[in-house]
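Trainee: Once you've had a glance at the structure underneath, I'll fire off some questions.
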Amino acid sequence: MIAPSTQFKQDAIRITGDDQRLNLIHTGMKKYEASRGVRQSAFKDWQSARQTAAEIKWDAINHLDTHLVEFADKLEANGAKVHWASNAQQARDIIMGIVRDKGARSIVKSKVMTGEEIHLNQALEKEGYDVVESDLGEYIVQLRHEEPYHFVFPAMHLARGEISDLFERELGSAPTDNPEELTMIARRAIREKYITADIGISGANFGVAETGMISITENEGNARLTCAMPNVHISLMGIEKVLPKLRDLAIFLPMLATAGSGQALTGYNSMYRGPRAEGESDGPEEFHVVLLDNRRTELLADPEQRDALHCIRCGACLNVCPIYRNIGGHAYGTTYQGPIGSVITPHLRGLQDWKHLSGASSLCGACTQTCPVKINLHEHLLQNRRNASSEKPVWWEKIAFKLAGFAMNRPALFQLGLKVAHLAQPLHGLVKGSVLDPARAWTKTRELPEVAGESFRDYWKKRS
Amino acid sequence: MKVTLFIPCFIDACFPRAGISMVEILEQLGHSIDYPEELTCCGQPAFNSGCWAEARDVAERVVDRLVDADAVVVASGSCGAMLHNFYPELFAGTEREQAAKTLASKTSEFSDFLVSKLGVTNLGARFPAKVTFHDGCHGLRELGIKDQPRALLAEVEGLELVEMEDAETCCGFGGTFAAKFPMISTAMGDRKCGNAGDTEAEFIVSNDSSCLMHIQGLLDRQGQSLKTIHLAEILASR
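Here you go:
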């Protein structure tokens, strides 16, 4: 198997050359930026809202043990069944167990990023179950046999024409450039599934410990149908999604909508606390909540980076990230793309295999500046680099910095180096851009600056 | 006031005009300059690569030499952020922890020093040209420098400032990132050059020569006439 870092570089080269795709991404992100700006300014004070949200999440994460137990107890008191999954395999086994137990054939899913994380669809499909994504973007990438491009906007990389072609090929619909018509084509196909599905699988944007509820934010109404129509509802939720109080949603629902999609509130926000109760006319007969750790507790054990668990998966850091905007989502090769993905993936899937994502950043800090819950994202990228280097040093880098440090700490040697570089400059032209060029990584697309004949140091010496 | 000027290695080597301009401006304002010749680099390349021990080897000398200065002015937003924000982190838990904090508290980037510390905006400069300003990320987000360079440029006779789209978006330099991921760095830089070019300005101005080195490198390769120039050079123009 090709190493993730090699794959990443290959993909980055390919995608940075695909202007058409990148222009689509840029246009989408500019629209997001504009609407988000409007919504953000509707907050009385966005910065203090961020502070409040960060404090609530701090409490939630630093007292996760008690909040989680309260959440699970309340859910069970409401008639839900709570399952604890330490890792992806356990989570899959739990869900497969429920599915088998119910003798289910057909499964409908609303958007579940934790499902992507544990590769749930592949596991279900391997056993012959019919699994359909009901979120429009997820449905589109499912038909294309692709991973989501962005954990909030899964199909943002596709132009309308491409979606029309896909529907024509997969669903036999007539070609159209009209987004409403495209939505209707997908809706007709998916609606059938809600009626026939035995099981609905959702994620959870928040879990409220105080009341034992999960909260789901969406725009299409598909999650409501997924959670309410089939006889069994399974929610797969990361343990970091717990909030202490119901009132906390008063800040998190508008914040998620604003930072996530530039909306005041999303079209639908629903809360689920248990299965159909006696006397109720609808809702599932069974409600299962699967709480997923999958190495989140390892992040929790790291006081320096624990705040990465504050993440509400709004995707704002991806939207503003110049790296994401120039390489797109698939290049990351992760469930969670962009800055937050680069921060947490090394914790979730191994530092040495995924450290390149922390390296692939100019550390511009746009992510940290935008994060609604104030995660110090770019600082964590730096810390990942440091941790990777102290765990397993890259020998050539270590030697290079040792040599550089040796010269830097001897100004006379540094100055001699500059003189040599100045004199050798004309020779560089002979190898510039070729495989012999030591500065090839730079000179392939850029000219090198000239080393001045008279350095600042020379000027200073002359003056005094 | 005695101002200790920290000239980062690449300014010393490739962009001495930026440093010389700073000396001229500060002396014109009546300050005396202390230039610590024994210092070269702040250690940021090693720090950003995760090699913190190697970074400390270089940074220790900087802390020791500058900690007793009255005021330290750094000729680059990025190196300024290194001294101001990252040294305290780099030296946390070491014997220089307190010294790093002390140094941080007296360190400023050049334009910030002029406007926020000295309260000066009009330096009597004349630079008849249309320019656009690129906000270097470290200056902008680590040090909060946005209005200071613009306040200085507003007083320059004959100068017209036209803001480019996404002036606050990273140019793609990012230190070692530019060499480790040249394809991404170049794609980011191309967008920056495009946005700057759209303003029809003659110069891209910044308070960070490292961004400008990358941008100029791209412009030169593409044969564009747009030029980059450090803010200090404009402020020293007559």
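One line per chain: the protein sequences are A and B, in this order.
All residue numbers for the first sequence refer to this note's numbering, where the first residue is 1356 and numbers rise by one.
All residue numbers for the second sequence refer to this note's numbering, where the first residue is 9 and numbers rise by one.
By construction, the Cβ of each residue, glycine as well, lies at the ideal position given by its N, Cα and C atoms.
Source: prediction; values computed, not measured.
(1) Would you identify the three-state DSSP class for Met1626(A), choosing helix, strand or coil?
(2) Within the 9 Å Cβ cut-off, does Trp1797(A) reach chain B?
(3) Taking 9 Å as the CB-CB limit, is Gln106(B) close to chain A?
(4) Could you check which residue in Phe1426(A), Pro1509(A), Gly1567(A), Ala1807(A) has the C-alpha nearest to that of Met1468(A)?
(5) What three-state label does DSSP hand Met172(B) in the structure shown?
(6) How about Gly1434(A) and Ala1564(A): do their beta carbons lie closer than 9 Å?
(7) Against chain A, with Cβ distances strictly below 9 Å, would Cys87(B) count as a contact?
(8) Please tell me whether Ala1671(A) has its Cβ less than 9 Å away from any Cβ of chain B.
(9) Determine, using beta-carbon pairs with one atom in the stretch 1679-1693 of chain A and one in the stretch 1369-1377 of chain A, whether at least three such pairs fall under 8 Å.
(10) Using a beta-carbon distance below 9 Å, is Ala175(B) in contact with chain A?
(11) Ser57(B) and His146(B) look like a contact to me (Cβ under 8 Å); what is the Cβ gap, rounded to whole Å?
(12) Starting from His1643(A), follow its DSSP beta bridges and name the residues at the other end.
(13) Is there contact here, the stretch 199-207 of chain B with the stretch 90-104 of chain B, by at least three beta-carbon pairs under 8 Å?
(14) Taking the DSSP output, what are the residues bridged to Phe1561(A)?
(15) From the DSSP output, read off the bridge partner residues of Thr236(B).
(16) For the alpha helix (DSSP H) holding Thr140(B), just list the boundary residues, first then last.
(17) Report the CB separation of Ser1489(A) from Ser1461(A) in whole angstroms; it is logged as a contact under 8 Å.
(18) For Asp155(B), would you say it is in contact with chain A, using Cβ-to-Cβ distances shorter than 9 Å as the test?
(19) Determine the burial state of Gln1406(A): buried for a count of at least 16 other Cβ atoms within 10 Å of its Cβ, exposed for fewer.
(20) Could you tell me which residues DSSP puts in a beta bridge with Lys1464(A)?
(21) Can you tell me whether Glu1471(A) is buried or exposed, with buried defined as 16 or more other CB within 10 angstroms of its CB?
(22) Mind checking if Phe141(B) is an interface residue toward chain A, Cβ cutoff 9 Å exclusive?
(23) Mind pulling the beta strand (DSSP E) runs of 3 or more residues that sit fully within the stretch 13-59 of chain B?
(24) Applying the criterion that 16 or more other CB atoms from any shown protein chain within 10 Å of the CB defines a buried residue, is Asn1442(A) buried or exposed?
(25) Determine the direct distance from the alpha carbon of Glu1746(A) to that of Gly1617(A), and round the result to whole angstroms.
(26) Beta carbons nearer than 8 Å to chain B: which residues of the stretch 1714-1725 of chain A have them?
(27) For the putative contact between Gly1693(A) and Cys1672(A), defined by C-beta atoms under 8 Å, what is the C-beta separation to the nearest angstrom?
(28) Within 9 Å (strictly less), CB to CB, does Arg73(B) reach chain A?
(29) Which word fits Glu150(B), buried or exposed, when buried means at least 16 other C-beta atoms lie within 10 angstroms of its C-beta?
(30) What does the alpha-carbon distance come out to for the pair Gln1738(A) and Met90(B)?
(31) So, Ala1614(A) versus Pro1793(A), is the Cβ gap smaller than 9 Å?
Mentor: To lay it out plainly:
(1) Sequence index remark: in the first sequence, residue 1626(A) carries index 271 (1-based). DSSP places Met1626(A) in strand when its eight states are reduced to three.
(2) For the purposes of this step, residue 1797(A) is identified with residue 442 of the first sequence, where counting begins at 1. Judged by the 9 Å Cβ criterion, Trp1797(A) is in contact with chain B.
(3) For the purposes of this step, residue 106(B) is identified with residue 98 of the second sequence, where counting begins at 1. Gln106(B) does not count as touching chain A.
(4) Position 113 of the first sequence, counted from the first residue, corresponds to residue 1468(A). Of Phe1426(A), Pro1509(A), Gly1567(A), Ala1807(A), the residue nearest in Cα terms is Pro1509(A).
(5) Locating residue 172(B) in the second sequence gives position 164, where the first residue counts as 1. It is coil, neither helix nor strand.
(6) By one-based count along the first sequence, residue 1434(A) stands at place 79. By one-based count along the first sequence, residue 1564(A) stands at place 209. No, the pair does not count as a contact, with Cβ atoms beyond the cut-off.
(7) Numbered from its first residue, the second sequence carries residue 87(B) at position 79. So, not an interface residue.
(8) Counted from its first residue, the first sequence places residue 1671(A) at position 316. Judged by the 9 Å Cβ criterion, Ala1671(A) is not in contact with chain B.
(9) yes
(10) As a working note, residue 175(B) is residue 167 in the second sequence. No, Ala175(B) lies away from the interface with chain A (no Cβ there is under 9 Å from its Cβ).
(11) Here the question's residue 57(B) lines up with position 49 in the second sequence. Here the question's residue 146(B) lines up with position 138 in the second sequence. That pair is no contact at about 16 Å.
(12) Along the first sequence, read from residue 1 onward, the residue named residue 1643(A) stands at position 288. In DSSP, His1643(A) forms a bridge with Lys1436(A), Ile1589(A).
(13) no
(14) The residue labelled residue 1561(A) in the question sits at position 206 within the first sequence. Answer is Ser1570(A), bridged to Phe1561(A).
(15) In the second sequence, counting from the first residue as 1, residue 236(B) sits at position 228. Beta-bridge pairing links Thr236(B) to Ile212(B).
(16) Here residue 140(B) refers to the residue found at position 132 when the second sequence is read from its first residue. Unbroken run through Thr140(B) is the beta strand (DSSP E), 134-141; no alpha helix (DSSP H).
(17) What you label residue 1489(A) is simply residue 134 of the first sequence in a count that begins at 1. What you label residue 1461(A) is simply residue 106 of the first sequence in a count that begins at 1. 12 Å between Cβ atoms; not a contact.
(18) In the second sequence, residue 155(B) corresponds to position 147, counting from 1. No, no contact with chain A.
(19) As a position in the first sequence, residue 1406(A) is number 51, starting the count at 1. Flag for Gln1406(A) reads exposed.
(20) In the first sequence, the residue the question calls residue 1464(A) occupies position 109. Answer is Glu1488(A), Ile1556(A).
(21) Taking the first residue of the first sequence as position 1, residue 1471(A) is located at position 116. Buried, by the Cβ-count rule.
(22) Your numbering for residue 141(B) matches position 133 in the second sequence. With 9 Å as the cut-off, Phe141(B) does not count as an interface residue toward chain A.
(23) 40-42
(24) Counting from one through the first sequence, the residue named residue 1442(A) turns up at place 87. Asn1442(A) should be labelled exposed.
(25) Numbered from 1 along the first sequence, position 262 holds the residue referred to as residue 1617(A). Numbered from 1 along the first sequence, position 391 holds the residue referred to as residue 1746(A). Each residue's alpha carbon lies about 40 Å from the other.
(26) Gly1714, Ala1715, Ser1716, Ser1717, Leu1718, Cys1719, Gly1720, Ala1721, Thr1723, Gln1724
(27) On the first sequence, residue 1693(A) is found 338 positions in, with the first residue counted as 1. On the first sequence, residue 1672(A) is found 317 positions in, with the first residue counted as 1. Indeed they touch by this definition, with Cβ atoms about 5 Å apart.
(28) Within the second sequence, numbered from 1, the residue matching residue 73(B) stands at position 65. Not closer than 9 Å to any Cβ of chain A, the Cβ of Arg73(B) fails to qualify, so no.
(29) Position 142 of the second sequence, counted from the start, is the residue given in the question as residue 150(B). Buried, since its Cβ has 16 or more Cβ neighbours within 10 Å.
(30) Working through the first sequence from its first residue, we reach residue 1738(A) at position 383. Working through the second sequence from its first residue, we reach residue 90(B) at position 82. Looking at the two C-alpha atoms, the distance is approximately 15 Å.
(31) Here residue 1614(A) corresponds to residue number 259 of the first sequence, with the count starting at 1. Here residue 1793(A) corresponds to residue number 438 of the first sequence, with the count starting at 1. Taking 9 Å as the Cβ cut-off, Ala1614(A) and Pro1793(A) do not qualify as a contacting pair.
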